[in-house]
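Undergrad: Everything in the sequence shown is counted per the working numbering, starting at 155 for the first residue and increasing by one.
We put the beta carbon where it would ideally sit given N, CA and C, even for glycine.
Quick one: the structure is below, and I'll ask about it shortly.
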Amino acid sequence: MKKIEDLNMEGKKVLIRCDFNVPIKNGRIIDDTRIKESLKTIHYCIDHHAKIILFSHLGRIKEEEDLKKNTLLPVSKRLSKLLDKKVIFIEETRGKKLEKAIEELQEGEIILVQNTRYEDLDGKKESNNDEELGKYWASLGDLFINDAFGTIHRSHASNVGIASHIESATGFLVEKELNVLSSLNSCEKPFIVILGGAKINDKIGVIEKLVTKADYILIGGGMAFTFLQSEGYNVGASIVDYDRIDFCTKILKKYSSKILLPVDVNVTTEYNNDSLNKVKEITEIAENEMGLDIGDRTIEIYQNYLKDAKTVLWNGPLGVYEFEKYKNGTKKIMKFLVDHNIRTILGGGDIVAAASLMKMKDKVYHASTGGGATLEYLEEKKLPGLEIIK
């Protein structure tokens with residue numbers, strides 16, 4: 155597979171697919187991690203005298219109202235500041251204005267194209283990898299670099315579409331992600347996996363792949379209640395994926411010594427931060443109660459297993475960390491890993507957001523910029539954005 159260092163880009167127009175899908179509130183960027191992660195690739199292209207054209211999506215575009223709130227203008231401003239260099243923002247995804255700006259681009263200069271998903275307003279051309287759109291974008295440049303790991307599992311016009319028509323390679327961020335995740339195949343043991351989040355459905359493939367490699371899998375979050383239900387516990391009003399009960403029963407039976415479930419949970423009667431809450435044993439949950447976090451005994455048990463770990467992969471929070479009352483499990487386990495200097499890889503998505511909120515994201519070994527992409531890579535699925543470069 156061709157990498158960025160394999161390209162001869164001097165004087166050429168280089169299209170880079172970045173992942174600038176950052177949280178923005180009232181026009182202000184809340185977390186610029188993904189922008190910062192793109193800098194190494196952009197700097198390399200500047201240093202090698204390329205003419206740089208950046209593409210990215212931001213949010214979802216379903217109706218006209220989404221256009222204004224999902225503009226990449228705030229990203230162009232932040233990027234200019236981080237690079238200490240002007241970034242020319244073109245407020246369209248195609249047309250004469252964009253083509254003229256690219257034609258006038260000098261070596262080392264940068265253009266940021268408007269949100270690629272603006273093209274989704276008319277028949278989902280970006281998300282459905284419209285052939286004509288991919289071909290058009292490819293015609294704007296000489297080379298293509300995919301540095302958006304977060305969308306590498308999707309077949310979009312701005313990654314697979316472009317790469318189908320011009321010489322392509324991976325960027326430094328994608329290389330880093332692949333190196334870290336592939337290292338789990340031969341990582342230092344004990345290797346422990348922590349799985350949380352609400353849904354079990356998107357974790358089935360990961361559980362099946364990792365349960366054979368890991369020494370233990372520690373389960374938390376909403377998905378824990380599907381496992382507990384399969385074991386015959388009354389989980390009250392807690393979230394349960396009834397379609398996956400059979401899977402949980404089978405995997406627990408086959409790997410009973412490897413998979414750990416909560417022994418106590420923090421319950422309440424309403425999904426908010428204000429209703430009364432109490433930590434209860436899993437045998438004591440009432441019909442009207444829902445578990446929103448793991449309890450103190452579970453935290454202690456999990457920490458006891460983790461203290462000897464050499465490698466930890468963590469995907470999904472252990473409770474509703476957005477609520478002050480229910481972030482305890484995630485926060486205490488995260489702090490334990492950081493304090494004990496355990497090599498921890500956060501598997502993208504909500505667990506990285508939680509770590510960022512708790513000011514611990516930069517203290518772990520690696521926080522993946524992927525969510526679904528990380529899971530699909532760990533499941534050993536083929537990733538369209540990579541396959542086309544291969």
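Can you name the start and end residues of the alpha helix (DSSP H) that residue 500 belongs to?
TA: As a working note, residue 500 is residue 346 in the sequence shown. Element bounds for residue 500: not the alpha helix (DSSP H) but the beta strand (DSSP E), 497 to 500.
Undergrad: Measuring alpha carbon to alpha carbon, tell me which of 210, 341, 161 ends up nearest residue 269.
TA: Residue 269 sits at position 115 when you count from the first residue of the sequence shown. Residue 269 has its Cα closest to that of 210, out of 210, 341, 161.
Undergrad: By how many angstroms is the C-alpha of residue 327 removed from the C-alpha of residue 191?
TA: Along the sequence shown, read from residue 1 onward, the residue named residue 191 stands at position 37. Along the sequence shown, read from residue 1 onward, the residue named residue 327 stands at position 173. Distance between the alpha carbons of residue 191 and residue 327 is about 7 Å.
Undergrad: Ordered along the chain, which non-local residues of its own chain (more than five positions away) have a Cβ less than 8 Å from that of residue 464?
TA: As a first step, residue 464 is located in the sequence shown; it is residue number 310 there, counting from the start. Once the five neighbours on either side are set aside, the close Cβ partners of residue 464 are 341, 342, 343, 344, 345, 496, 497.
Undergrad: Could you check if residue 203 is buried or exposed, using at least 16 other CB atoms within 10 Å of its CB as the buried criterion?
TA: For the purposes of this step, residue 203 is identified with residue 49 of the sequence shown, where counting begins at 1. Residue 203 should be labelled exposed.
Undergrad: Contact check, residue 405 vs residue 365 under 8 Å by CB: the rounded distance?
TA: In the sequence shown, counting from the first residue as 1, residue 405 sits at position 251. In the sequence shown, counting from the first residue as 1, residue 365 sits at position 211. Confirmed, about 7 Å.
Undergrad: Quick check on DSSP: helix, strand or coil for residue 512?
TA: Translated into the one-based positions of the sequence shown, residue 512 becomes position 358. Reduced to three states, the DSSP call for residue 512 is coil.
Undergrad: Have a look at residue 250 and residue 528 and give me their C-alpha separation to the nearest angstrom.
TA: Locating residue 250 in the sequence shown gives position 96, counting from the first residue. Locating residue 528 in the sequence shown gives position 374, counting from the first residue. Cα to Cα, residue 250 sits roughly 37 Å from residue 528.
Undergrad: Enumerate, from N- to C-terminal direction, the unbroken alpha helix (DSSP H) stretches of 4 or more residues contained entirely within the segment 405 to 492.
TA: Whole alpha helix (DSSP H) segments, 4+ residues: 450 to 460.
Undergrad: What are the complete beta strand (DSSP E) segments, minimum 3 residues, inside the segment 174 to 231?
TA: Segments of the beta strand (DSSP E) lying fully in the segment 174 to 231: 205 to 209.
Undergrad: Quick check on DSSP: helix, strand or coil for residue 287?
TA: Residue mapping note: residue 287 aligns to position 133 of the sequence shown, counting from 1. Residue state, collapsed to three classes: helix.
Undergrad: Taking residue 439 as the reference, give the member of 412, 460, 466, 392 with the closest Cα.
TA: Position 285 of the sequence shown holds residue 439. Per the Cα distances, 392.
Undergrad: Do residue 273 and residue 294 come within 8 Å of each other at the CB atom, strictly closer than that value?
TA: Walking along the sequence shown from the start, residue 294 turns up at place 140. Walking along the sequence shown from the start, residue 273 turns up at place 119. Against a cut-off of 8 Å, the Cβ pair of residue 273 and residue 294 comes out as no contact.
Undergrad: Since residue 263 contacts residue 206 with CB under 8 Å, what's their CB separation in whole angstroms?
TA: Indexing the sequence shown from 1 puts residue 263 at position 109. Indexing the sequence shown from 1 puts residue 206 at position 52. Contact holds; Cβ gap of about 7 Å.
Undergrad: Tell whether a beta-carbon distance below 8 Å holds between residue 350 and residue 375.
TA: Counting from 1 along the sequence shown, the entry for residue 350 is found at position 196. Counting from 1 along the sequence shown, the entry for residue 375 is found at position 221. Yes.
Undergrad: Got a sec? Which residues, its chain only, sit under 6 Å from residue 284 by beta carbon, not counting five neighbours each side?
TA: Here the question's residue 284 lines up with position 130 in the sequence shown. Closer than 6 Å at the Cβ level, and outside the excluded window around residue 284, lie 311.
Undergrad: Would you tell me roughly how many angstroms separate the C-alpha atoms of residue 279 and residue 481, rounded to the nearest one?
TA: Reading the sequence shown from its first residue, position 125 is the one you call residue 279. Reading the sequence shown from its first residue, position 327 is the one you call residue 481. Taking the straight line from one Cα to the other gives about 39 Å.
Undergrad: Look up residue 370 in the DSSP assignment and give the residues it is bridged to.
TA: To locate residue 370, count along the sequence shown from 1; it is residue 216. In the DSSP output, where bridge partners are listed per residue, residue 370 has 346.
Undergrad: Exposed or buried, residue 544, counting other C-beta atoms within 10 Å across all chains shown (16 or more means buried)?
TA: To locate residue 544, count along the sequence shown from 1; it is residue 390. By the 10 Å Cβ count, residue 544 comes out exposed.
Undergrad: Evaluate residue 214 with the Cβ neighbour count: other Cβ atoms within 10 Å of its Cβ, from every protein chain shown; 16 or more gives buried, anything less gives exposed.
TA: Start at 1 with the first residue of the sequence shown, and residue 214 comes out as number 60. Exposed.
Undergrad: From the DSSP output, read off the bridge partner residues of residue 326.
TA: Here the question's residue 326 lines up with position 172 in the sequence shown. DSSP lists no partner for residue 326.
Undergrad: Any chance you could list the alpha helix (DSSP H) runs of at least 4 consecutive residues sitting entirely within the segment 228 to 278, in chain order?
TA: Runs found: 250 to 257.
Undergrad: When you compare only the Cα positions, how much space is there between residue 370 and residue 468?
TA: Stepping through the sequence shown from its first residue, residue 370 is reached at position 216. Stepping through the sequence shown from its first residue, residue 468 is reached at position 314. Spanning the two alpha carbons is a distance of roughly 12 Å.
Undergrad: Which one or two residues does DSSP pair with residue 310 in a beta bridge?
TA: Taking the first residue of the sequence shown as 1, we reach residue 310 at position 156. The partner list for residue 310 (beta bridge, DSSP) is empty, contrary to what the question assumes.
Undergrad: So, with DSSP's three-state summary, where would you put residue 544?
TA: On the sequence shown, residue 544 is found 390 positions in, with the first residue counted as 1. Residue 544: coil per DSSP, three-state reduction.
Undergrad: Which residue comes first and which comes last in the alpha helix (DSSP H) that contains residue 532?
TA: As a first step, residue 532 must be located in the sequence shown, where it is residue number 378. Run containing residue 532: 526 to 532, per the alpha helix (DSSP H) assignment.
Undergrad: Against chain B, does residue 264 count as a neighbour if the rule is that its beta carbon must be under 8 Å from one of theirs?
TA: No chain B appears in this structure, which consists of one protein chain only.
Undergrad: Just tell me which of 403, 200, 337, 510 has its CA closest to the CA of residue 413.
TA: For the purposes of this step, residue 413 is identified with residue 259 of the sequence shown, where counting begins at 1. Of the listed residues, the one whose Cα sits closest to residue 413 is 403.
Undergrad: If I'm right that residue 379 touches residue 483 with Cβ under 8 Å, what's the distance once you round it to whole angstroms?
TA: Indexing the sequence shown from 1 puts residue 379 at position 225. Indexing the sequence shown from 1 puts residue 483 at position 329. Wrong, their Cβ atoms sit about 14 Å apart, outside the cutoff.
Undergrad: Using the Cα positions of residue 475 and residue 487, report the straight-line distance between them to the nearest angstrom.
TA: In the sequence shown, residue 475 corresponds to position 321, counting from 1. In the sequence shown, residue 487 corresponds to position 333, counting from 1. Cα to Cα, residue 475 sits roughly 12 Å from residue 487.
Undergrad: Just grab the DSSP bridge partners of residue 157 for me.
TA: Indexing the sequence shown from 1 puts residue 157 at position 3. The partner list for residue 157 (beta bridge, DSSP) reads 324.
Undergrad: So, helix, strand or coil for residue 333, using DSSP?
TA: Counted from its first residue, the sequence shown places residue 333 at position 179. Helix.
Undergrad: Return the chain-ordered list of same chain residues with a C-beta closer than 7 Å to the C-beta of residue 247, the five sequence neighbours on each side being excluded.
TA: Here residue 247 refers to the residue found at position 93 of the sequence shown. 267, 268, 270, 272, 273, listed in sequence order.
Undergrad: Tell me whether residue 166 sits in a helix, a strand or coil according to DSSP, three-state version.
TA: Within the sequence shown, numbered from 1, the residue matching residue 166 stands at position 12. Three-state DSSP puts residue 166 in coil, outside helix and strand.
Undergrad: Does the beta-carbon distance from residue 429 to residue 422 come in below 8 Å?
TA: Residue numbering aside, residue 429 sits at position 275 when the sequence shown is read from its first letter. Residue numbering aside, residue 422 sits at position 268 when the sequence shown is read from its first letter. Result yes, Cβ atoms of residue 429 and residue 422 sit closer than 8 Å.
Undergrad: Return the residue from the list 323, 333, 276, 394 that minimises the CA-CA distance to residue 163.
TA: Position 9 of the sequence shown, counted from the first residue, corresponds to residue 163. Selected option, being the one with the closest Cα: 323.
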